[in-house]
Amino acid sequence: MNYKLLVAAVLLPTVALTGCETLGVQDGADVVVEDRGTQADGSQSAGGEDTGATATGAQAGAAFKGHPLDNPQSILSSRVIYFEFDSASIRAEDRAAIQAHAEYLGKNAGAAVVLEGHTDERGSREYNIALGERRAKAVRQLLLFQGAVASQIQTVSYGEETPAAIGHDEDAWQQNRRVEITYRTR
Amino acid sequence: MMRASNKKVFTLFYLMLISLLMTATQVHAALTIQITTGVDGAQPIAVVPFSTDQVKTALPYDLVSIINNDLARSGRFAPMPEKDLIARPHDGGTVRFGDWRLVNMDYLLVGRVRQLGDVNYEVQFQLFDVFKGEQITGISYPFVAGDTRRMAHRISDIVYEKLTGQKGAFNTRIAYVTALTAVTTNKRQYHLNIADSDGFNEQTILDSSKPLMSPSWSPDGQQLAYVSFEAKRPQIFVQQVFSGQRQRVTDFKGLNSAPVWSPDGKYLAMTLSKSGNPELYLFEIATRQLTQLTRHPAVDTEPTWSPDGSKLVFTSDRGGKPQLYMMRLSRNKPASRPRRLTFEGEYNARGVFSPDGKHIAMVHGNRGRFQIAVLDIVNNTLQVLTDSRLDESPSFAPNGSMIIYATNRDNRGVLAAVSVDGRVHQRLEVQQGDVREPAWSPLTNAQ
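Residue numbers (our numbering), protein chains in the order written: chain S, 38 to 223; chain Y, 531 to 977.
Right, here's the structure in full:
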């Protein structure tokens with residue numbers, strides 16, 4: 038019980054912080070919040086997001102004291118890698134984030150991630166499943182080069198089946214062509 | 531933010547629930563089909579309501595309206611509206627051909643239904659060529675009340691075949707996937723459904739909170755292979771359509787996707803990436819043995835069999851962009867190097883052979899639009915059949931007359947169908963949610 042409360046106390050402000058951030062930043066921030074929800078084993082969800090939101094204001098100026106994966110200021114908070122149409126090439130601007138995750142995985146042998154590959158809705162569904170896998174594998178490859186080991190990484194492709202953004206224009210498509218990095222253990 | 535509007539959301543939810551319940555009782559067809567463009571010169575035919583003088587218990591559906599709908603939907607016929615009928619004969623003896631010629635009817639269908647027992651009936655019908663004043667065919671069939679719709683489709687099939695020379699495909703089914711997003715939770719729910727070819731009798735045969743993909747009919751129309759993500763990774767299943775019994779077929783590391791039955795029903799061609807890269811394999815159903823068909827660092831996927839089982843066409847990006855390739859098979863081993871089939875457009879994928887083996891329909895991407903195109907593999911000409919921008923998953927009617935496909939309309943996933951010559955267009959809509967990945971069943975002998 039006490040432990041749960043403690044976890045909630047640590048997590049709540051961070052949920053709130055990233056929650057606030059999503060208002061400003063469009064893309065993947067939503068997804069990150071969702072990831073937190075599952076990792077916290079639901080302990081914070083019962084507490085309600087409202088209380089979390091008020092806690093944020095009080096702590097906004099304080100230095101971050103939680104787990105590095107929960108620090109919204111850290112590059113490790115960037116967990117969605119975006120792609121061009123029909124491409125699995127990693128863009129220059131995403132390399133730093135991948136490197137940070139690789140280093141984290143390298144230093145934390147017990148940590149493990151799932152890389153979920155996704156595509157936009159254009160073209161055929163089965164080809165897109167293969168394309169999503171290729172994207173996840175491209176991120177995996179880079180993580181391995183930079184310090185992670187194979188047993189820490191799982192990949193899965195959902196192709197175009199689970200879009201992050203609903204819409205049928207380039208704006209939505211860009212958000213959907215992605216690999217999501219989710220920590221199973223940290 | 532979500533909390534604040536909870537009340538509104540709930541009210542909306544209840545309203546939707548109520549309207550759902552209402553529509554569920556009012557509407558028989560969950561999938562409604564409309565002709566959006568017909569053919570000039572559709573053949574005029576008059577179908578006279580069948581006599582029911584010898585029927586005590588009315589049939590659950592009206593045979594003639596089902597037949598009229600079938601014929602009109604094909605785009606090949608223009609049935610005369612019932613109110614315009616100039617006479618109501620029930621057999622050849624009372625037909626005055628001269629009168630029907632005056633109203634420009636080419637064909638006339640008349641008949642009568644007799645009740646033989648509690649649920650047993652017999653229908654007897656005659657099809658006439660009005661200009662020759664001759665009977666084309668006259669048949670009688672026994673049927674039970676529960677098979678009324680199937681009986682009507684069977685009559686439509688006979689009329690269609692006698693007048694066009696091509697088998698009818700009215701007595702068939704369509705499998706498709708729907709995705710519904712719950713208003714309250716924003717969670718998606720996926721259904722694998724089947725419906726009759728006219729949209730009636732929609733049944734959900736699988737319900738999952740994770741994506742369902744790639745339904746493919748067995749050649750006898752009794753089973754569906756598909757991909758399910760229920761284990762949070764893609765696995766291939768085979769399900770008995772009528773008993774609901776199902777079996778997991780593959781669960782390899784990586785992709786398990788794009789299953790398609792061989793024409794003899796003994797194999798599934800599929801895509802697996804267990805080697806680290808998506809390759810085509812044959813899976814023998816009886817022995818569960820795998821044979822690898824492709825070995826190439828590119829993506830190879832979306833196999834389709836030629837109707838005689840001698841060739842496989844598949845999508846590969848070995849040339850840089852996805853294009854269709856063809857490989858010959860001999861005793862289920864590759865017998866030729868893959869040969870590229872498509873050269874027009876920057877993206878050609880998800881090929882599917884026509885039942886006569888002369889055409890391949892595909893998703894054709896050109897200048898940012900994805901449309902359904904058909905390649906004539908005898909003359910090597912490509913014809914783009916649709917005018918939209920997000921078309922996918924083409925599937926042939928088993929008589930080759932129409933191609934059903936998924937597209938997007940008003941920001942919803944809908945199904946549409948187009949005739950192979952591009953002249954007839956239909957739209958198939960579900961009440962709610964997105965519908966996708968249509969697969970037209972084979973012709974079956976079952977009534």
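Glycine included, C-beta positions come from ideal geometry on N, C-alpha and C.
Which residues does DSSP pair with Glu-814 (chain Y) in a beta bridge? As a working note, residue 814 (chain Y) is residue 284 in the second sequence. Bridge partners of Glu-814 (chain Y): Y:Tyr-797 and Y:Gln-819.
Can you find the residues in the same chain that come closer than 7 Å, C-beta to C-beta, to Asp-964 (chain Y), ignoring five residues on each side of it along the sequence? Numbered from 1 along the second sequence, position 434 holds the residue referred to as residue 964 (chain Y). Within the same chain, Cβ atoms closer than 7 Å to the Cβ of Asp-964 (chain Y) are found at Thr-708, Ala-709, Arg-942 and Gly-943, the five residues on either side in sequence being excluded.
Would you kindly report the start and end of the unbroken alpha helix (DSSP H) that includes Ala-602 (chain Y)? Position 72 of the second sequence, counted from the start, is the residue given in the question as residue 602 (chain Y). Run containing Ala-602 (chain Y): 593 to 603, per the alpha helix (DSSP H) assignment.
According to DSSP, is Met-892 (chain Y) helix, strand or coil? Stepping through the second sequence from its first residue, residue 892 (chain Y) is reached at position 362. Strand, per DSSP.
Taking C-beta pairs closer than 8 Å, name the residues in chain S that Leu-920 (chain Y) reaches, listed in chain order. Position 390 of the second sequence holds residue 920 (chain Y). The contacting residues are Glu-158, Arg-159 and His-205.
Rank Y:Leu-958, Y:Pro-972, Y:Gln-962 and Y:Val-954 by C-alpha distance to the C-alpha of Gly-571 (chain Y) and give the top, closest one. Translated into positions along the second sequence, residue 571 (chain Y) becomes position 41. Looking at the Cα atoms, Y:Val-954 is the closest of the given residues.
Do you know how far the Cα of Pro-928 (chain Y) is from the Cα of Ile-815 (chain Y)? Locating residue 815 (chain Y) in the second sequence gives position 285, counting from the first residue. Locating residue 928 (chain Y) in the second sequence gives position 398, counting from the first residue. Distance between the alpha carbons of Ile-815 (chain Y) and Pro-928 (chain Y) is about 23 Å.
For chain Y, find out if any of its Cβ atoms is closer than 9 Å to the Cβ of Ile-190 (chain S); answer yes or no. Taking the first sequence and counting its residues from 1, the one referred to as residue 190 (chain S) is at position 153. Chain Y contact via Cβ: absent.
Chain S within 9 Å of Val-594 (chain Y), Cβ atoms only: Numbered from its first residue, the second sequence carries residue 594 (chain Y) at position 64. It does not: the Cβ of Val-594 (chain Y) has no partner Cβ on chain S nearer than 9 Å.
So which residues on chain Y does Ala-167 (chain S) lean against when the C-beta distance must stay under 8 Å? Numbered from 1 along the first sequence, position 130 holds the residue referred to as residue 167 (chain S). Per Cβ cutoff of 8 Å: Leu-785, Ser-787, Thr-801, Ser-803, Pro-808, Val-829 and Thr-831.
Given Lys-174 (chain S), which residues of its chain have a CB within under 7 Å of its CB, disregarding the five upstream and five downstream residues? Here residue 174 (chain S) corresponds to residue number 137 of the first sequence, with the count starting at 1. Excluding sequence neighbours, Lys-174 (chain S) sits near Thr-192.
Tell me which residues share the same chain as Leu-785 (chain Y) and place their Cβ nearer than 7 Å to its Cβ, disregarding the 5 neighbours each side in the sequence. Within the second sequence, residue 785 (chain Y) is the residue found at index 255, counting from 1. Pro-764, Thr-801, Leu-802, Ser-803 and Pro-808.
Measuring straight from C-alpha to C-alpha, what distance separates Gln-656 (chain Y) and Ile-669 (chain Y)? Here residue 656 (chain Y) refers to the residue found at position 126 of the second sequence. Here residue 669 (chain Y) refers to the residue found at position 139 of the second sequence. In a straight line, the C-alpha of Gln-656 (chain Y) is about 7 Å away from that of Ile-669 (chain Y).
Whole angstroms is fine: what's the gap from Glu-664 (chain Y)'s alpha carbon to Met-610 (chain Y)'s? Counting from one through the second sequence, the residue named residue 664 (chain Y) turns up at place 134. Counting from one through the second sequence, the residue named residue 610 (chain Y) turns up at place 80. Straight-line Cα distance between these residues: approximately 20 Å.
Spatial neighbours of Gln-76 (chain S) in its chain, beta-carbon cut-off 8 Å, leaving aside the 5 residues before and after: Residue 76 (chain S) sits at position 39 when you count from the first residue of the first sequence. Because the pLDDT at Gln-76 (chain S) is just 34, under 50, the model does not fix this residue reliably, and the value given afterwards should be weighed accordingly. These residues qualify, in order along the chain: Tyr-220 and Arg-223.
Any idea if Ile-890 (chain Y) is buried or exposed, counting beta-carbon neighbours within 10 angstroms, 16 or more meaning buried? Position 360 of the second sequence, counted from the start, is the residue given in the question as residue 890 (chain Y). Flag for Ile-890 (chain Y) reads buried.
Compare the C-beta of Tyr-220 (chain S) with all C-beta atoms of chain Y and state if any pair is closer than 9 Å. Here residue 220 (chain S) corresponds to residue number 183 of the first sequence, with the count starting at 1. So, not an interface residue.
Closer than 6 Å by C-beta to Ser-581 (chain Y): which residues in its own chain qualify, once you throw out the five before and the five after it? Chain order, please. Taking the second sequence and counting its residues from 1, the one referred to as residue 581 (chain Y) is at position 51. Closer than 6 Å at Cβ, skipping near neighbours: His-620 and Arg-642.
To which residues of the same chain is Arg-880 (chain Y) closer than 8 Å at the C-beta, ignoring the five residues directly before and after it? Start at 1 with the first residue of the second sequence, and residue 880 (chain Y) comes out as number 350. Correct list, in chain order: Glu-832, Thr-845, Met-892, Val-893, Glu-922, Ser-923 and Pro-924.
Quick check on DSSP: helix, strand or coil for Thr-834 (chain Y)? One-based indexing of the second sequence puts residue 834 (chain Y) at position 304. Three-state result, Thr-834 (chain Y): strand.
Is there at least one Cβ from chain S nearer than 9 Å to Glu-652 (chain Y)'s Cβ? To locate residue 652 (chain Y), count along the second sequence from 1; it is residue 122. Closer than 9 Å to the CB of Glu-652 (chain Y) there is not a single CB belonging to chain S.
So Glu-967 (chain Y) and Pro-745 (chain Y) are supposed to be a Cβ contact under 8 Å. How far apart are they, rounded? Taking the first residue of the second sequence as position 1, residue 967 (chain Y) is located at position 437. Taking the first residue of the second sequence as position 1, residue 745 (chain Y) is located at position 215. The Cβ separation is near 6 Å, so the contact holds.
Beta strand (DSSP E) segment containing His-721 (chain Y), residue limits: To locate residue 721 (chain Y), count along the second sequence from 1; it is residue 191. Counting along the chain, the beta strand (DSSP E) containing His-721 (chain Y) begins and ends at 718 to 726.
Of the listed residues Y:Ser-836, Y:Leu-810, Y:Trp-835 and Y:Thr-821, nearest to Pro-827 (chain Y) (C-alpha basis): Against the second sequence, residue 827 (chain Y) aligns to sequence position 297. The option with the nearest alpha carbon to Pro-827 (chain Y) is Y:Leu-810.
Where Val-193 (chain S) meets chain Y, residues with beta-carbon distance less than 9 Å: Position 156 of the first sequence, counting from 1, holds the residue named residue 193 (chain S). Chain Y residues near Val-193 (chain S): Phe-759, Lys-762, Arg-763, Pro-764 and Gly-784.
On the criterion of 16 or more Cβ atoms from any shown chain inside 10 Å, does Ile-616 (chain Y) qualify as buried, or is it exposed? Along the second sequence, one-based indexing puts residue 616 (chain Y) at 86. With fewer than 16 other Cβ atoms within 10 Å, it is exposed.
Need the endpoints of the alpha helix (DSSP H) that His-683 (chain Y) sits in, please. Stepping through the second sequence from its first residue, residue 683 (chain Y) is reached at position 153. Its alpha helix (DSSP H) spans residues 678 to 694.
State the DSSP-derived secondary structure class of Asn-650 (chain Y), mapped to helix, strand or coil. To locate residue 650 (chain Y), count along the second sequence from 1; it is residue 120. Per DSSP, reduced to three states, the secondary structure at Asn-650 (chain Y) is strand.
Contact criterion: CB-CB distance below 9 Å. Does Met-856 (chain Y) meet it with respect to chain S? Taking the second sequence and counting its residues from 1, one reaches residue 856 (chain Y) at position 326. So, not an interface residue.
The beta strand (DSSP E) enclosing Lys-841 (chain Y), as first and last residue numbers: In the second sequence, residue 841 (chain Y) corresponds to position 311, counting from 1. Element bounds for Lys-841 (chain Y): 841 to 846.
Report yes or no: do three or more beta-carbon pairs, one from the region 140 to 147 of chain S and one from the region 177 to 190 of chain S, lie closer than 8 Å? yes
Counting contacts by CB-CB distance shorter than 9 Å, is Asp-847 (chain Y) in contact with chain S? Within the second sequence, numbered from 1, the residue matching residue 847 (chain Y) stands at position 317. Yes, contact with chain S.
Going along the chain, which unbroken runs of the beta strand (DSSP E) with 3 or more residues stay wholly within the region 864 to 937 of chain Y? With a minimum length of 3 residues, the continuous beta strand (DSSP E) runs that stay inside the region 864 to 937 of chain Y are 877 to 883, 889 to 896, 899 to 906, 911 to 914 and 922 to 926.
Count the other CB atoms within 10 Å of the CB of Asn-701 (chain Y); is the residue buried (16 or more) or exposed (fewer)? The residue you call residue 701 (chain Y) lines up with position 171 of the second sequence. Flag for Asn-701 (chain Y) reads buried.
Could you tell me which chain Y residues have their CB closer than 8 Å to the CB of Glu-217 (chain S), listed as they occur along the chain? The count along the first sequence starts at 1 and reaches residue 217 (chain S) at position 180. Correct list: empty, because the minimum Cβ distance to chain Y is about 13 Å.
With a threshold of 9 Å between beta carbons, is Ser-738 (chain Y) in contact with chain S? Position 208 of the second sequence, counting from 1, holds the residue named residue 738 (chain Y). Not an interface residue.
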